[in-house]
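Colleague: In our numbering, the protein residues as written are 1 to 533. Built from N, CA and C at the ideal position, the CB exists for glycine as well.
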Ligand SMILES: C[S@@+](CC[C@H](N)C(=O)[O-])C[C@H]1O[C@@H](n2cnc3c(N)ncnc32)[C@H](O)[C@@H]1O
């Protein structure tokens, strides 16, 4: 598949119709012109907006929360790289391609003083988002159904803009409109999250995409296309002779594709458009709209984990060249990048001293690792005693101020490490075992007398198995009794009342056994970051 060039490389006269918006962000007289779809894109059955709408109607997108796109996480990374991001509690957030609101609504439920706008082309997705919004009774969210280039001016400017799973999956003119919009409506020291497919890793994926698309090119209808693609991918995943032994690696990719959900297969691997880019093209595209690369949202990707010979190639490079070389070195296929305004003052690397006013705790990754019985990787390796991990695990999911860590752990870095406590804690965060926040998270590890779960998770428990916790991570809870209990945790019921309410769900159980089961569930909910004070 060829990579569609970004809009500005084409002559402006390519755009047959435009809508001009005056640039109100800085009071300047200039106007910024937002291209609507290119004529060729409008009529191309693969890339027109109408075709995209049909695809999302045919197979609903299984959207879910992405913790890396949460404003709190963006604010932490932005702060580490030198920005002074807006206070998350009262910020303005825009999500482009928000689908059914699965990412935006839990943010809004937990940040009642903040304001959220979700925009999506798909009437089906926005109808679902509005239904959920009405049921949740939130008054801090507005959904706009339509092309993102038509987002009304009245919806204002934003501290945080999220575009997850959109950039590579829309036509070039929409990518253009997306950055034009962010370039104009991202506030000073605002942060934009953009996820996208990248080369060189996607060359491997692209080989698989093309084979599958060729196989199904004459098959009509989403169910039949999915079935045929999945069956063919499974067949190609089986061991067999290849011209070159190394080509057998492609079989792993076919195997992965054969096993993913319908939503991921249809809207990612089989999707058209699905245009990976080289990172430097992406950065140049952002720069044309007054935006610049701030950092990767995933802190692990901010560290140059490169071989000594690769380190020599990296030395002396500027930020963009360095990131591009790291993509080559690590054969990266997907990025979740944070952008900011080109005129924002930012650093080249993390400034460890900036963690001093933050809060720190065990990450979900560390909790999972420990639950699986594996030795944790992270703070211990970075030079801190493993007791800090144990401490964080003991209080998880609650956190402690970074400024208290030395006193509460009665520990400071040994002189021979020549590193500050802050630098060691940052390493542990980069390696994924600890996580930072700018404020103490509004959650409790231990249920009170009248246990209370977050309102969004409580609402979800009545609708399916997906549950989003207060750290914005979504898990599948396949235990009907756990879901039933979760839905009851509105903070009004005592444990005795909860026991009475659950007796029906556990027929044949003694009351004492029901009460004990409830205690066990509550302990799990606490560790899973589902409970509030
Ligand atoms: C792959 S889905 C990603 C959904 C969600 N952000 C996520 O990652 O879970 C892409 C979304 O972008 C929306 N979209 C595509 N073109 C758009 C446009 N021109 N304006 C607004 N939304 C668009 C689609 O309807 C779809 O919901």
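Can you list, in chain order, the stretches of the beta strand (DSSP E) that have 3 or more residues and sit fully within the region 51 to 122?
Modeller: 92 to 96 and 115 to 120
Colleague: Would you say the beta carbon of residue 147 is closer than 7 Å to some non-hydrogen atom of ligand 1?
Modeller: yes
Colleague: With residue 189 as the anchor, note down where its beta strand (DSSP E) starts and where it stops.
Modeller: 186 to 197
Colleague: Is it true that the CB of residue 89 sits closer than 8 Å to the CB of residue 111?
Modeller: yes
Colleague: With a CB to CB cut of under 7 Å and the five nearest residues on each side skipped, what residues in its chain are close to residue 354?
Modeller: 79 and 80
Colleague: Quick one: what does DSSP say residue 162 is sitting in, helix, strand or coil?
Modeller: It is a strand residue.
Colleague: For residue 185, count neighbouring C-beta atoms within 10 Å of its own C-beta (all shown protein chains included) and say buried if the count is 16 or more, exposed if not.
Modeller: buried
Colleague: Using C-beta distances below 8 Å, list every residue in its chain close to residue 8, excluding the 5 sequence neighbours before and after it, in chain order.
Modeller: With a pLDDT of only 29 at residue 8, under 50, the local geometry of the prediction cannot be trusted, and the value read off the model is given with reservation. So the qualifying residues of the chain are 176, 285 and 288.
Colleague: Can you find the residues in the same chain that come closer than 6 Å, C-beta to C-beta, to residue 237, ignoring five residues on each side of it along the sequence?
Modeller: Same-chain partners within the cutoff: 251, 254, 255 and 258.
Colleague: Using DSSP with H/G/I as helix, E/B as strand and the rest coil, what is residue 545?
Modeller: One cannot answer for residue 545 here, as it falls past the ends of the chain, which runs 1 to 533.
Colleague: So residue 491 and residue 332 are in contact, right, with Cβ under 8 Å, and what is the actual spacing, rounded?
Modeller: About 44 Å; that fails the 8 Å criterion.
Colleague: Below 7 Å, is the gap between the Cβ of residue 167 and the nearest heavy atom of ligand 1?
Modeller: No, Cβ of residue 167 sits at least 7 Å from all heavy atoms of ligand 1.
Colleague: Within the present structure, is the beta-carbon of residue 199 separated from the nearest heavy atom of ligand 1 by less than 7 Å?
Modeller: no
Colleague: Relative to ligand 2, is the shortest distance from any of its heavy atoms to the C-beta of residue 132 smaller than 7 Å?
Modeller: Ligand 2 is not among the ligands present in this structure, which contains only ligand 1.
Colleague: With a CB to CB cut of under 8 Å and the five nearest residues on each side skipped, what residues in its chain are close to residue 519?
Modeller: 495
Colleague: Would the beta-carbon of residue 174 be found less than 7 Å away from any heavy atom of ligand 1?
Modeller: yes
Colleague: So is residue 443 buried or exposed if we call it buried at 16+ other beta carbons inside 10 Å?
Modeller: buried
Colleague: Who does residue 525 pair with in a DSSP beta bridge?
Modeller: Residue 525 pairs with nothing; no bridge assigned.
Colleague: Sort 459, 330, 523 and 290 by Cα distance to residue 305 and report the nearest one.
Modeller: Closest by alpha carbon: 330.
Colleague: Do you know offhand how far residue 223's Cα is from residue 106's?
Modeller: 31 Å
Colleague: Heavy atom of ligand 1 less than 7 Å from the Cβ of residue 63, yes or no?
Modeller: yes
Colleague: Using three-state DSSP, classify residue 126 as helix, strand or coil.
Modeller: helix
Colleague: To which residues of the same chain is residue 239 closer than 8 Å at the C-beta, ignoring the five residues directly before and after it?
Modeller: 248 and 251
Colleague: Give me, in chain order, the residues of the same chain whose beta-carbon lies closer than 8 Å to that of residue 261; leave out the 5 immediate sequence neighbours on both sides.
Modeller: 62
Colleague: Taking the beta strand (DSSP E) that residue 361 belongs to, which residues open and close that run?
Modeller: 359 to 362
Colleague: In this structure, does DSSP put residue 336 in helix, strand or coil?
Modeller: strand
Colleague: Inspect the beta-carbon positions of residue 392 and residue 434 and report whether they are closer than 8 Å.
Modeller: yes
Colleague: Tell me whether residue 141 sits in a helix, a strand or coil according to DSSP, three-state version.
Modeller: strand
Colleague: Let me check understanding here. Comparing Cα to Cα, which of 207, 323 and 144 lies closest to residue 96?
Modeller: 144
Colleague: How big is the Cα-Cα spacing for residue 320 and residue 357?
Modeller: 29 Å
Colleague: I need the straight-line Cα distance from residue 229 to residue 122, nearest angstrom please.
Modeller: 24 Å
Colleague: Under a three-way DSSP split, which group does residue 490 fall into?
Modeller: strand
Colleague: Compute the distance between the beta-carbons of residue 428 and residue 527, then report whether it is under 8 Å.
Modeller: no
Colleague: Just tell me which of 272, 522 and 351 has its CA closest to the CA of residue 481.
Modeller: 522
Colleague: What do you reckon, is the C-beta of residue 56 under 7 Å from a heavy atom of ligand 1?
Modeller: yes
Colleague: Where does residue 532 fall in DSSP's three states?
Modeller: strand
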